[in-house]
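S.K.:
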Amino acid sequence: MTATDERASGAAAGGGFIACGSCRMLVYGKRHRRLLGVCPECGAPSRLGAGERLDALLDPGSAVPVPVGAAAVDPLGFTDTRPYPERLARARADTGLDDAVAVVRGTVQGHPLVVAVMDFRFLGGSLGSAAGEAVTAAAEAALADHTPLLVVTASGGARMQEGALALMQMAKTSAAMADLDEAGLLTITLVTDPTYGGVSASFATLSDVILAEPGARMGFAGARVIRQTINQELPEGFQTAEFLLRHGLVDGVCERGALRGAVGRLLAAASSPPGEEPAGPDPVVRSPERLPERSPDEAVRLARHIDRPTGLDHIGLWAEGFVELHGDRAGEDCPAVVGGPATVAGTPVMLIAHQKGHTTTELVRRNFGMPSPAGYRKARRLMLLAAKLGLPVVTLIDTPGAYPGVSAEEQGQSNAIAECLRTMASLPVPIVSVVTGEGGSGGALALGMGNTVLMCENAIYSVISPEGCAAILWKGPDGASKAASALRLSARPLLELGVVDGVVPEPEGGAHTDPSAASTAVRDAVAAALADLESCADPRAGRRRRFRAFGQAAPVSDRSVEEEVL
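Heads up, the numbering used here is the position in the sequence shown plus 7, with the first residue counted as 1.
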């Protein structure tokens, strides 16, 4: 028995003191249970059994077991040092479980869901026929109830004693997850230590949102197998939750005591009622004559002001219950793009925003708001999740442009932007896009293909930066002012051209003079746009008509396009 197993057993028994398997500090058993098995000295979480995990996650008294059908027992007649049936009997006696997965219906902060919890104590949480049947039964129960599914993983991999039948459980559970995708139901995975092999390569990583406990390890092949197989030196903290977050493979690392709240916020964002009708006058300026004349140089200066509200500033001021989701699921998390579900004026949405910063340190960390391909792939992943859940998409645009470096080209920057555009063209849900600062080139447009496109009064939106245009056409940076004027990149000319549908007023002197008021104005404009689009029968068709008209000699009205189609 490992130190971790001893610690978990001691906590369950509740007797005496327990030694933390990480720092070896002694903790009184009852205190250890009150802390949900987390060491008060080093913060290391111990392994929890299925019952303890359900108690920590679900509202008290809400768990109701879900029946699971019978599965094959010892299909191979397998014996190693002892017959497989003997191993099963011993595991059942030790844990009180039928197999490695327990399934219940319950609630988290009042929101119903189905939960499948793996218990590592049962033959290392291995995925055999019974465990696969339980995960599949959980998905089928969620489908029948039309509620989200939460899977808590803890596994060494597929169960060798069941041979190819264990391997088939990967396909079986993956198909069950596909059913939930097609039904538009939210799926969440909570990765606990460890999660390896067939579990990590099937249902564990197919969920819409993947959270992990601190230090939890997940991967296809474990560190020992990798070392023994290819003799490769592994990086520090390899396959831990923190490693996975840096590489864009999980959405977040969450302390055990905060997990119920995090899951509750996700459930709330996916099930909020429709928003309230905005009251009062139109918060958006739609007539160019109502906008002040502004020199292009001044527009550029105000759009780039260091104190102008960033994407996260806006989200923090008016997006309720925001849960930031990380990663492109392909090896990277770009900090220049942030996003996740939230509620805006009572309406559940998927928020996606460029993020710059207010200090040199943050600007550098966020790559000055210039997304890598991973940023656009993350954005696309969130757009597809919004479509699955039926959530409108709100994008906040503020970038000089897509990152133009060597690494971006190596990783397919052009393709990543193109895929974002195609995805936005195809999304069946409404999209509201707001240029809040800089709207630079295709790097901005990749988040800007909305049914309604707005811009703030002192924002700019252009095919290229003035400096870039000057370098190409004026053969040097001295022509930047001329380029800014020629590009007509400020709010008034863009409203005249129909590139934007409306302009959000800013405080006198610019958004940086009163960031809170400026952000509130953006929120009001977004809420009004969402309300206007609520009755839109086919957001996808409306969006395609809007962009179809650009560049024609005369704008094509919706009516004329409809008549042509008919």
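For glycine and all other residues, C-beta sits at the position ideal for the given N, C-alpha and C.
Taking C-alpha atoms, which residue in P52, A98, H519 and V124 lies nearest to L65?
M.R.: As a working note, residue 65 is residue 58 in the sequence shown. Per the Cα distances, V124.
S.K.: Whole angstroms is fine: what's the gap from V439's alpha carbon to V108's?
M.R.: For the purposes of this step, residue 439 is taken as the residue at position 432 of the sequence shown. For the purposes of this step, residue 108 is taken as the residue at position 101 of the sequence shown. Cα-Cα distance, rounded: 42 Å.
S.K.: Rounded to the nearest angstrom, how far is the Cβ of L256 from that of G334, given a contact under 8 Å?
M.R.: Start at 1 with the first residue of the sequence shown, and residue 256 comes out as number 249. Start at 1 with the first residue of the sequence shown, and residue 334 comes out as number 327. Yes, they are in contact, since the Cβ atoms of L256 and G334 sit about 6 Å apart, within 8 Å.
S.K.: When burial is assigned at 16 or more other CB atoms within 10 Å of the CB, is K363 buried or exposed?
M.R.: For the purposes of this step, residue 363 is identified with residue 356 of the sequence shown, where counting begins at 1. Buried, because 16 or more other Cβ atoms sit within 10 Å of the Cβ of K363.
S.K.: Who are the Cβ neighbours of S207 in its own chain at under 7 Å, not counting the five residues just before and after it?
M.R.: Along the sequence shown, one-based indexing puts residue 207 at 200. Same-chain partners within the cutoff: M225, G226 and F227.
S.K.: Could you name the residues of the same chain whose beta carbon sits closer than 7 Å to that of A320, not counting the 5 residues immediately before and after it, in chain order?
M.R.: Taking the first residue of the sequence shown as position 1, residue 320 is located at position 313. A quick correction: the sequence has Asp, not Ala, at residue 320. P522 and S526, listed in sequence order.
S.K.: If I follow the unbroken beta strand (DSSP E) through L218, where does it start and stop?
M.R.: Stepping through the sequence shown from its first residue, residue 218 is reached at position 211. Where L218 is concerned, the enclosing beta strand (DSSP E) stretches over V216 to A219.
S.K.: Indicate whether G50 and P221 have their beta-carbon atoms separated by less than 8 Å.
M.R.: One-based indexing of the sequence shown puts residue 50 at position 43. One-based indexing of the sequence shown puts residue 221 at position 214. Closer than 8 Å, so yes.
S.K.: F554 by DSSP, collapsed to three states: which one?
M.R.: Position 547 of the sequence shown holds residue 554. Helix.
S.K.: Does the separation of the CB atoms of A230 and F245 fall below 8 Å?
M.R.: Taking the sequence shown and counting its residues from 1, one reaches residue 230 at position 223. Taking the sequence shown and counting its residues from 1, one reaches residue 245 at position 238. Contact: yes.
S.K.: With a threshold of 16 other CB atoms inside 10 Å of the CB of Q235, please say whether the residue is buried or exposed.
M.R.: For the purposes of this step, residue 235 is taken as residue 228 along the sequence shown, with counting starting at 1. Exposed: under 16 other Cβ atoms inside 10 Å.
S.K.: Along the chain, where does the beta strand (DSSP E) containing R112 start, and where does it finish?
M.R.: Here the question's residue 112 lines up with position 105 in the sequence shown. Its beta strand (DSSP E) spans residues V108 to V115.
S.K.: Count the C-beta pairs between the segment 160–174 and the segment 71–87 that are closer than 8 Å, then say yes if the count reaches three, no if not.
M.R.: As far as the Cβ criterion goes, the segment 160–174 touches the segment 71–87, which means the pair count is three or higher.
S.K.: Determine whether the Cβ of F227 lies closer than 8 Å to any Cβ atom of chain B.
M.R.: The structure shown contains no chain B; it is built from a single protein chain.
S.K.: Once DSSP output is grouped into helix, strand and coil, what is the label at F24?
M.R.: Within the sequence shown, residue 24 is the residue found at index 17, counting from 1. Residue state, collapsed to three classes: strand.
S.K.: Quick check on DSSP: helix, strand or coil for S162?
M.R.: As a first step, residue 162 must be located in the sequence shown, where it is residue number 155. DSSP places S162 in strand when its eight states are reduced to three.
S.K.: Less than 8 Å separating the beta-carbons of P348 and L398?
M.R.: In the sequence shown, residue 348 corresponds to position 341, counting from 1. In the sequence shown, residue 398 corresponds to position 391, counting from 1. Yes, the pair counts as a contact, with Cβ atoms nearer than the cut-off.
S.K.: What are the residues that DSSP puts in a beta bridge with A463?
M.R.: As a first step, residue 463 is located in the sequence shown; it is residue number 456 there, counting from the start. According to the sequence shown, residue 463 is Cys rather than Ala. In DSSP, C463 forms a bridge with V511.
S.K.: Give me the Cα-Cα distance between V216 and P546, rounded to the nearest whole angstrom.
M.R.: On the sequence shown, residue 216 is found 209 positions in, with the first residue counted as 1. On the sequence shown, residue 546 is found 539 positions in, with the first residue counted as 1. Taking the straight line from one Cα to the other gives about 25 Å.
S.K.: So what's E570 in DSSP terms, helix, strand or just coil?
M.R.: Along the sequence shown, read from residue 1 onward, the residue named residue 570 stands at position 563. In this predicted model, E570 has a pLDDT of only 41, less than 50, meaning its place in the structure is not dependable; the value taken from the coordinates is given anyway. Three-state DSSP puts E570 in a helix.
S.K.: Identify whether L454 lies in helix, strand or coil by the three-state DSSP scheme.
M.R.: By one-based count along the sequence shown, residue 454 stands at place 447. Residue state, collapsed to three classes: coil.
S.K.: Mapping the DSSP letters down to three states, classify D200 as helix, strand or coil.
M.R.: For this step, residue 200 is matched to residue 193 along the sequence shown. D200: strand per DSSP, three-state reduction.
S.K.: Where do the ends of the alpha helix (DSSP H) carrying A404 lie?
M.R.: Numbered from its first residue, the sequence shown carries residue 404 at position 397. Here the sequence assigns Ile to residue 404, which means Ala is not the residue at that position. Here I404 belongs to no alpha helix (DSSP H); instead the beta strand (DSSP E) covers V400 to T406.
S.K.: When the Cβ atoms of the segment 308–320 are set against those of the segment 454–474, are three or more pairs found closer than 8 Å?
M.R.: Yes, they touch.
S.K.: What runs of the alpha helix (DSSP H), each 4 residues or longer, lie entirely inside the segment 239–296?
M.R.: Here the runs fully enclosed are 248–253 and 266–278.
S.K.: Determine the burial state of N458: buried for a count of at least 16 other Cβ atoms within 10 Å of its Cβ, exposed for fewer.
M.R.: One-based indexing of the sequence shown puts residue 458 at position 451. Under this definition N458 is a buried residue.
S.K.: How about V28 and R128: do their beta carbons lie closer than 8 Å?
M.R.: Taking the sequence shown and counting its residues from 1, the one referred to as residue 28 is at position 21. Taking the sequence shown and counting its residues from 1, the one referred to as residue 128 is at position 121. The displayed chain sequence assigns Gly, not Val, to residue 28. No, these two residues do not count as a Cβ contact at 8 Å.
S.K.: Helix, strand or coil for A190, going by three-state DSSP, please let me know.
M.R.: By one-based count along the sequence shown, residue 190 stands at place 183. If DSSP states are grouped into helix, strand and coil, A190 belongs with coil.
S.K.: Under 7 Å Cβ to Cβ from A141, same chain only, skipping five residues before and after it: list those, please.
M.R.: Working through the sequence shown from its first residue, we reach residue 141 at position 134. Contacts found: V75, D106, V108, V110 and A123.
S.K.: Within the same chain, show all residues whose beta-carbon is closer than 7 Å to that of G376, passing over the 5 residues directly before and after it, in chain order.
M.R.: Against the sequence shown, residue 376 aligns to sequence position 369. So the list reads A343, H361, Q362, K363, D405, T406 and P407, once near-sequence residues are dropped.
S.K.: Is the beta carbon of A70 sitting closer than 8 Å to the one on L43?
M.R.: Along the sequence shown, one-based indexing puts residue 70 at 63. Along the sequence shown, one-based indexing puts residue 43 at 36. Against a cut-off of 8 Å, the Cβ pair of L43 and A70 comes out as no contact.
S.K.: Between the beta-carbon of A528 and the beta-carbon of V511, is there less than 8 Å?
M.R.: What you label residue 528 is simply residue 521 of the sequence shown in a count that begins at 1. What you label residue 511 is simply residue 504 of the sequence shown in a count that begins at 1. Yes; because the gap between Cβ atoms is below 8 Å, this pair is in contact.
S.K.: Under 8 Å by Cβ, that's how I've got V34 and R263 pegged, so tell me the actual separation to the nearest angstrom.
M.R.: For the purposes of this step, residue 34 is taken as residue 27 along the sequence shown, with counting starting at 1. For the purposes of this step, residue 263 is taken as residue 256 along the sequence shown, with counting starting at 1. Contact doesn't hold; Cβ gap of about 14 Å is too wide.
S.K.: Measure the C-alpha to C-alpha separation of P119 and T180 and round it to an integer number of angstroms.
M.R.: What you label residue 119 is simply residue 112 of the sequence shown in a count that begins at 1. What you label residue 180 is simply residue 173 of the sequence shown in a count that begins at 1. C-alpha separation (whole angstroms): 22 Å.
S.K.: Could you say which of A96, P299, A432 and G455 lies nearest to A394 if we only look at CA atoms?
M.R.: On the sequence shown, position 387 is the one that residue 394 refers to. It is A432.
S.K.: Quick check: what's the CA-CA separation for Y203 versus T160?
M.R.: Here the question's residue 203 lines up with position 196 in the sequence shown. Here the question's residue 160 lines up with position 153 in the sequence shown. For Y203 and T160, the distance between alpha carbons rounds to 9 Å.
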